[in-house]
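Just add 4 to wherever you are in the sequence shown, counting from 1, and you've got the working numbering.
Please read the structure below before turning to the comments.
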Amino acid sequence: MLVPMELHSLTQRRGYLSPELAIGWQIGKYVAEFFDGLEEVEIAAASGDDAALALSHLIRQHGHPGQVIVPETTRPWNFLFYHLTTGTLLSFTLIRPRTRLPQEIRDLEPNLSVDNPAVVEIYQASLDLLVKSIFSQPVTNFCQISKVRCRRLLAIENGNQRTGCYRCGRPTPVRKAWDIEGDICCPSCSGLEPAWYTYH
Ligand SMILES: [Zn+2]
């Protein structure tokens with residue numbers, strides 16, 4: 005199978021190439037192209053699996069100083085990227101039937117052992133096919149992508165002005181509020197990861 009050169013060292017180290025590695029890699033490449041680099045991009049992954057590992061590997065290659073955040077609680081997306089320069093938030097939700105093995109193949113998982121070479125072979129062939137399909141199709145085929153514009157509100161005069169959050173109604177200091185596609189929101193309703201609005 006044709007594995008991208010930059011991913012090769014990682015797969016050598018891990019000893020395998022999983023669909024999640026391919027997914028993380030493909031999404032990372034898409035985002036790098038979308039924002040013309042990853043240096044100014046904050047990254048979060050809903051789970052700390054191989055996809056997050058591939059993303060970490062990719063951002064290190066791009067000289068990214070940060071890390072991939074994996075939140076402790078559930079999120080409505082699988083991957084989230086925030087471009088600091090343009091205030092663009094890109095979220096990715098995987099289309100499951102296209103990113104995981106068919107049910108009848110997953111049903112073989114309890115029977116995978118050295119005593120069952122035929123089953124292992126069928127399983128491996130299906131796995132290879134899935135990885136190959138992830139590498140060969142555009143990210144938009146296996147992910148739903150949404151793009152949101154986020155801006156920090158500019159506080160005028162004193163810093164004590166408050167405004168009601170458009171989404172939850174909570175009074176929020178204007179200097180902490182965000183304009184999310186025209187809705188004035190408190191930080192928690194902004195859709196950004198807490199680490200991002202705390203430090204920027
Ligand atoms: Zn709110």
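Glycine residues also receive a C-beta, built at the ideal position from the N, C-alpha and C atoms.
No experiment lies behind these values; they were computed from the predicted model shown.
Check: Grouping DSSP H, G and I as helix and E and B as strand, with all else coil, what is V3?; Outcome: Lying outside 5 to 204, the shown extent of the chain, residue 3 is not represented and no answer is given.
Check: Please classify Y20: is it buried, with 16 or more other beta-carbons within 10 angstroms of its beta-carbon, or exposed?; Outcome: exposed
Check: So, does the segment 20-33 touch the segment 50-65, judging by three or more C-beta pairs under 8 Å?; Outcome: yes
Check: Can you give the beta carbon distance from N82 to A122, rounded, assuming they're within the 8 Å contact cut?; Outcome: So it is not a contact: roughly 34 Å between Cβ atoms.
Check: Since A181 and C190 should fall inside the 8 Å C-beta cutoff, what is the C-beta to C-beta distance between them, to a whole number of angstroms?; Outcome: 7 Å
Check: Cβ of C193 within 7 Å of any heavy atom in ligand 1?; Outcome: yes
Check: Indicate whether I73 and E197 have their beta-carbon atoms separated by less than 8 Å.; Outcome: yes
Check: Suppose the cutoff is 7 Å on Cβ atoms and the five residues either side in sequence are ignored; what does the same chain contact list for R100 look like?; Outcome: none
Check: How close, in whole Å, do the beta carbons of F85 and L94 come, if the pair is a contact with beta carbons under 8 Å?; Outcome: 5 Å
Check: Name the residue from T103, T202 and H61 whose alpha carbon lies nearest to the alpha carbon of K136.; Outcome: T103
Check: Which of the three DSSP states is assigned to I47 in this structure?; Outcome: strand
Check: Can you list, in chain order, the residues of its chain whose CB lies under 6 Å from that of D187, leaving out five sequence neighbours each side?; Outcome: Y170
Check: Which partner residues does Q148 have in the DSSP bridge list?; Outcome: T97
Check: Which residue marks the beginning of the alpha helix (DSSP H) containing R179, and which one marks its end?; Outcome: Segment: none, R179 is in no alpha helix (DSSP H) and carries neither H nor E.
Check: Look at the alpha carbon of S13 and the alpha carbon of R174, and state the distance between them as a whole number of angstroms.; Outcome: 49 Å
Check: In this structure, how does DSSP classify R155 when only helix, strand and coil are distinguished?; Outcome: strand
Check: Within the same chain, show all residues whose beta-carbon is closer than 6 Å to that of F39, passing over the 5 residues directly before and after it, in chain order.; Outcome: V45 and H87
Check: From the DSSP output, which residues share a beta bridge with I138?; Outcome: DSSP output for I138 lists no bridge partner at all.
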